[in-house]
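Residue numbers (our numbering): 1377 to 1557. Virtual Cβ for every residue (Gly too), placed ideally from N, Cα, C. Computed from a predicted structure; not experimentally measured.
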């Protein structure tokens, strides 16, 4: 499957977490970037409960999406010379990346996880991302030994020239993830 000229966005919210001890307003905002995004959200709770669901900062080490058989390690991503998030290396089709200067998955705010749908030679880690449904769960294993669980809140596809950058990269007051291609 090839998604040329479109972006897939999955919005997800954290279901499980701990105390947020990593508030850091010095992190730069994320740039506008086309792609596919998935997001998740935690169950509706009051503001105090949302703060309790956040985990402290910890590097993600593995993404697990059982519904589409994803079990992938992470690599750090940065902002490139053109002001856009660099994609994960295309040579490893089972690799996802996260914006390492941004929010870590499970931490309060919006975390960005990127992966390829395909490469010139084969399907890649997010080839079946569009098969996720609202309510599907996925996990991020973290370097501190904890696991952040997310539930898909929405799945959307956009033409690259209509990519909703502010919606994707905007800050959140609870732990959220955007899965993008």
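### Query
When DSSP labels each residue in this structure, what does residue 1509 get in the three-state scheme?
As a working mapping, residue 1509 is identified with position 133 in the chain shown. DSSP places residue 1509 in coil when its eight states are reduced to three.
### Message
Can you tell me which residues form a DSSP beta bridge with residue 1437?
### Response
Residue 1437 sits at position 61 when you count from the first residue of the chain shown. Per DSSP, none; premise fails for residue 1437.
### Message
According to DSSP, simplified to helix, strand and coil, what is residue 1501?
### Response
The residue you call residue 1501 lines up with position 125 of the chain shown. Residue 1501: coil per DSSP, three-state reduction.
### Query
Out of 1479, 1506, 1477 and 1482, which has the shortest C-alpha to C-alpha gap to residue 1491?
Counting from one through the chain shown, the residue named residue 1491 turns up at place 115. Of the listed residues, the one whose Cα sits closest to residue 1491 is 1506.
### Message
Whole angstroms are fine: how far does the CA of residue 1488 sit from the CA of residue 1467?
### Response
Numbered from its first residue, the chain shown carries residue 1467 at position 91. Numbered from its first residue, the chain shown carries residue 1488 at position 112. Answer to the nearest angstrom: the Cα atoms are 21 Å apart.
### Query
So what's residue 1479 in DSSP terms, helix, strand or just coil?
Position 103 of the chain shown holds residue 1479. Note: residue 1479 maps to coil in three-state DSSP.
### With 16 other Cβ atoms within 10 Å as the buried cut-off, status of residue 1519
For the purposes of this step, residue 1519 is identified with residue 143 of the chain shown, where counting begins at 1. Result: exposed.
### Query
When we look at the beta-carbon of residue 1517 and count the other beta-carbons within 10 Å, is it buried (16 or more) or exposed?
Within the chain shown, numbered from 1, the residue matching residue 1517 stands at position 141. So residue 1517 ends up on the buried side.
### Query
If you drop the 5 nearest sequence neighbours on each side, which residues of the same chain put their C-beta closer than 6 Å to that of residue 1451?
The residue you call residue 1451 lines up with position 75 of the chain shown. Closer than 6 Å at Cβ, skipping near neighbours: 1464, 1471 and 1473.
### From 1533, 1486, 1448 and 1458, residue whose alpha carbon lies closest to that of residue 1554
For the purposes of this step, residue 1554 is identified with residue 178 of the chain shown, where counting begins at 1. If we check each option's Cα against that of residue 1554, 1486 comes out closest.
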